[in-house]
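This note's numbering numbers the first residue of the sequence shown as 2 and each following residue consecutively.
Cβ coordinates follow ideal geometry from the N, Cα and C atoms, glycine included.
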Amino acid sequence: MQPFYVPDGPGRFLSTPSTAGPWGPDSQHGGPPAALLARGVEALARSGPQRVVGRLTMELLGPVPVGPLVVEASVVRPGRSVEMCEATLYDEQRSRLCARATAWLFPDRDDGPAQPGGPLPHTPSDGVHKDPPPNWTRGYLDAIEWRWVTGAVTEPGPGVVWMRPTVSLVDGEPMSPVQRLLCCVDSASGVSAALDASHWRFLNTELTVHLLRPPVGEWVCLDAETALGSGSIGLATSRVYDEQGLVAHSAQALLVVPVPT
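Quick look at the structure:
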């Protein structure tokens, strides 16, 4: 498998087939773009006082193509304690804004209150591999190692899965813990698919992640569920864990539509 992106000049990236989402080879899964936007935010954080990402919201303004992309990032609201940053993702070929992320950065302190609880009663080694629906595109799906504890994409209902990317986000760079988490957490809507994935699509229009602390380790666990409304609206939420315990919460607004015939 190729890395998700190959750098091609300042702020410019070539997307590889590893970014392709389940609905087709030409549009990306939301995970790699979320991680790429987080990378832009983290670059801003490194240029000032030590801060960590406490919340990141990505708005998906249209399909992100598997092609050349440009990322720009800036500080929207500077501050001595908290700071808001924004990162944008453009389709270079069409000069179209594909996605935008806003993030709140908080002081990086090690004297805060201890987090209650501890590691989960299960680990990645307790999970098993399960194949995705046969009609799904395998780009991103094959770039992630999946260890299912309960549920599966092919089994409608809540699910628990351990995940880790097996490729780098940007060729030649180590993936930061926040980037790794963002690369995985957009999968909550698939992990907790409430409908038969061979007949329904659930496309998220946004992703919001609240982090309680910086993530640690290679593995990310999603304990996810989806709630459906009476029309085309759905909501996928997850409790996100690493091997030390609860690390984040996520939510995604879903557009739920039948698979075109």
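Of the candidates Ser177, Leu256, Leu229, Gly191, the residue whose Cα lies closest to the Cα of arginine 47 is Ser177.
Around the beta carbon of threonine 167, fewer than 16 other beta carbons lie within 10 angstroms, which makes this residue exposed. As the crow flies, the alpha-carbon of methionine 85 is around 6 Å from that of valine 76. Taking serine 190 as reference, the option from Trp163, Gly55, Glu244, Ser251 with the minimal CA-CA separation is Ser251.
Nearest neighbour of tryptophan 220 by Cα position, chosen from Pro261, Thr124, Leu236, turns out to be Thr124. Burial is judged here by how many other beta carbons sit within 10 angstroms of a residue's own beta carbon; aspartate 27 has fewer than 16 and is exposed. When secondary structure is reduced to three states using DSSP, valine 179 falls in the helix class. Annotated as proximal: phenylalanine 5 and alanine 144, with beta-carbon spacing under 8 Å.
Bounds of the alpha helix (DSSP H) holding arginine 40 are 32-46. If you look at alanine 189, you'll find it in the alpha helix (DSSP H) that goes 189-192. C-alpha of tryptophan 201 to C-alpha of proline 261: approximately 9 Å in a straight line. When secondary structure is reduced to three states using DSSP, serine 28 falls in the strand class. Taken atom to atom, the span from the alpha-carbon of glycine 22 to that of arginine 97 is near 19 Å.
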